[in-house]
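What follows is a set of notes on a single structure, which appears directly below.
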Amino acid sequence: MDNKSRNLEEEFQARIDAGENIEAKDWMPEKYRKTHIRQISQHAHSEVVGMLPEGNWITRAPSLRRKVALLAKVQDEAGHGLYLYSAAETLGISRDELMEQLNSGKAKYSSIFNYPSLTWADMGAIGWLVDGAAIINQVMLTKTSYGPYARAMVRICKEESFHQRQGYEIMLTLCNGTEAQKAMAQDALNRWWWPSLMMFGPRDEESPHTEQSMKWKIKRKTNDELRQQFIDQTVPQADLLGLTIPDKDLKWNDERGSYDFGPIDWEEFWNVVKGNGLCNRKRLKARNEAWDNGKWVRDAAVAYAEKQAERKVSKAG
Ligand code: FAQ
Numbered sequence: 011m012d013n014k015s016r017n018l019e020e021e022f023q024a025r026i027d028a029g030e031n032i033e034a035k036d037w038m039p040e041k042y043r044k045t046h047i048r049q050i051s052q053h054a055h056s057e058v059v060g061m062l063p064e065g066n067w068i069t070r071a072p073s074l075r076r077k078v079a080l081l082a083k084v085q086d087e088a089g090h091g092l093y094l095y096s097a098a099e100t101l102g103i104s105r106d107e108l109m110e111q112l113n114s115g116k117a118k119y120s121s122i123f124n125y126p127s128l129t130w131a132d133m134g135a136i137g138w139l140v141d142g143a144a145i146i147n148q149v150m151l152t153k154t155s156y157g158p159y160a161r162a163m164v165r166i167c168k169e170e171s172f173h174q175r176q177g178y179e180i181m182l183t184l185c186n187g188t189e190a191q192k193a194m195a196q197d198a199l200n201r202w203w204w205p206s207l208m209m210f211g212p213r214d215e216e217s218p219h220t221e222q223s224m225k226w227k228i229k230r231k232t233n234d235e236l237r238q239q240f241i242d243q244t245v246p247q248a249d250l251l252g253l254t255i256p257d258k259d260l261k262w263n264d265e266r267g268s269y270d271f272g273p274i275d276w277e278e279f280w281n282v283v284k285g286n287g288l289c290n291r292k293r294l295k296a297r298n299e300a301w302d303n304g305k306w307v308r309d310a311a312v313a314y315a316e317k318q319a320e321r322k323v324s325k326a327g
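Numbering (the working numbering) for the sequence shown: 11 to 327.
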């Protein structure tokens with residue numbers, strides 16, 4: 011590295027250490043830019059693919075009220091995808107490139123969305139657990155060092171907290187219902203608990219990106235810290251529902267002031283991340299079909315923009 015680049019890097023790190031936000035036009039190390047494109051686009055893809063397990067239940071929601079809330083939630087997720095794709099574009103990658111990476115299977119998205127949504131109670135469990143986990147991760151990201159990402163996260167977090175509450179309220183209703191309804195809620199918790207813990211990513215010692223991302227304040231907390239925070243917050247919520255967390259090793263540890271928990275099946279996690287989960291193929295197929303079926307909308311939008319530009323030119327002339 012020559013002296014000029016070394017100075018730039020030192021100045022950059024000093025700005026981060028001083029708590030300044032980095033903006034799109036500021037100088038940044040290439041690796042900082044690439045890390046953000048990776049993380050923000052994975053996040054955007056997760057929001058968009060994350061619409062699918064819930065989309066599966068919109069037509070079968072048990073009442074109009076439930077249907078309206080679920081529709082609004084799924085629409086919010088599309089919106090989150092859009093803010094995040096826009097934030098990624100500020101780093102010099104196009105929307106088309108991002109979509110190509112998702113549709114071809116090159117890009118990652120959150121492992122959690124490769125699990126099937128089998129019953130209505132899964133809508134409760136997804137809101138309560140998956141959005142609950144997402145909020146813990148995303149509140150941290152409102153303080154991330156890249157300005158456009160941090161600002162997108164502020165709005166996203168507000169909406170996520172509504173999502174979490176609508177999920178918890180579904181669980182509460184089921185748990186106060188018939189025995190069969192409560193059993194359905196327990197079954198959903200059993201299936202979504204461990205995948206929700208996996209959402210936070212690999213253990214710190216197996217996470218290649220954490221150290222550098224902490225230094226650049228992209229991450230403010232490690233994967234394990236956030237996972238523990240989620241467990242400590244969620245166990246009392248399960249108690250309130252009268253449900254049992256499916257972990258026989260779960261136990262309050264007075265000394266640590268936290269819950270101890272059982273081993274996570276990391277083989278299952280990596281298997282899903284590598285594309286071999288229950289729904290990976292189905293999810294990619296759905297995204298590719300949506301892309302192909304949406305071509306006429308993209309073409310019409312481009313044609314309209316061209317027409318408007320032509321009109322402007324002829325008026326100016
Ligand atoms: N799934 O070194 P680390 C939501 C990959 S939004 C798949 O720890 P990093 C809202 C990781 O990419 C949910 N892959 O990586 C909603 C890396 O691979 P790479 C999404 C995972 O980036 C709710 C490798 O493992 N949220 O749910 C996963 O420092 C309901 C090594 O990992 C975000 O994306 C995983 N779970 O930390 C929507 C938040 N975990 O890229 C609909 C932003 C790790 O080298 C319905 N992202 N990997 O090939 C982050 O905070 C971070 O990227 C982490 C991972 C924490 C996810």
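From the three backbone atoms N, C-alpha and C, an ideal C-beta is built for every residue, glycine too.
Please read all numbers here as calculations on a predicted model, not as lab measurements.
Starting from residue i, trace the beta strand (DSSP E) in both directions and tell me its first and last residue.
i	result
Asp270	268-270
Asn263	261-263
Going by DSSP, name the residue or residues bridged to residue i.
i	result
Tyr156	Ile32
Any idea if residue i is buried or exposed, counting beta-carbon neighbours within 10 angstroms, 16 or more meaning buried?
i	result
Ala198	buried
Glu57	buried
Val323	exposed
Gly142	buried
Asn3	In the structure as shown, the chain starts at 11 and stops at 327, and residue 3 therefore has no counterpart that could be examined.
Lys295	exposed
Asp27	exposed
Glu87	buried
Lys83	buried
Leu207	buried
Gln148	buried
Arg76	buried
Could you check where the alpha helix (DSSP H) with residue i kicks off and where it finishes?
i	result
Asn113	105-113
Met224	220-225
Glu301	It should be pointed out that residue 301 corresponds to Trp in this sequence rather than to Glu. Unbroken alpha helix (DSSP H) run through Trp301: 290-303.
Met194	189-208
Met133	131-135
Phe240	233-251
Trp280	276-281
Val140	Per DSSP, Val140 belongs to no alpha helix (DSSP H) and is neither H nor E.
Gly89	74-99
Lys14	13-27
Thr45	40-59
Subject >> Segment contact flag, the stretch 116-136 with the stretch 146-153, C-beta cutoff 8 angstroms, min 3 pairs >> reply: no
**OP:** Evaluate the contact criterion for the stretch 264-281 versus the stretch 95-105: three or more CB pairs, one atom per stretch, below 8 angstroms.
**Re:** no
Original post:
Does the stretch 83-102 come close enough to the stretch 40-48 that 3 or more CB-CB pairs lie under 8 angstroms?
Top reply: yes
Original post:
Given 8 angstroms as the limit, is there contact between the stretch 165-174 and the stretch 236-243, that is, 3 or more CB pairs closer than that?
Top reply: no
**OP:** Could you tell me whether the stretch 253-262 touches the stretch 221-233, using the rule of 3 or more Cβ pairs below 8 angstroms?
**Re:** no
Original post:
Does the stretch 182-196 touch the stretch 105-121, meaning 3 or more C-beta pairs lie closer than 8 angstroms?
Top reply: no
Original post:
Do the stretch 156-169 and the stretch 202-217 touch if we need at least three Cβ pairs shorter than 8 angstroms?
Top reply: no
Original post:
With a cut-off of 8 angstroms, do at least 3 Cβ pairs link the stretch 270-279 to the stretch 298-313?
Top reply: no
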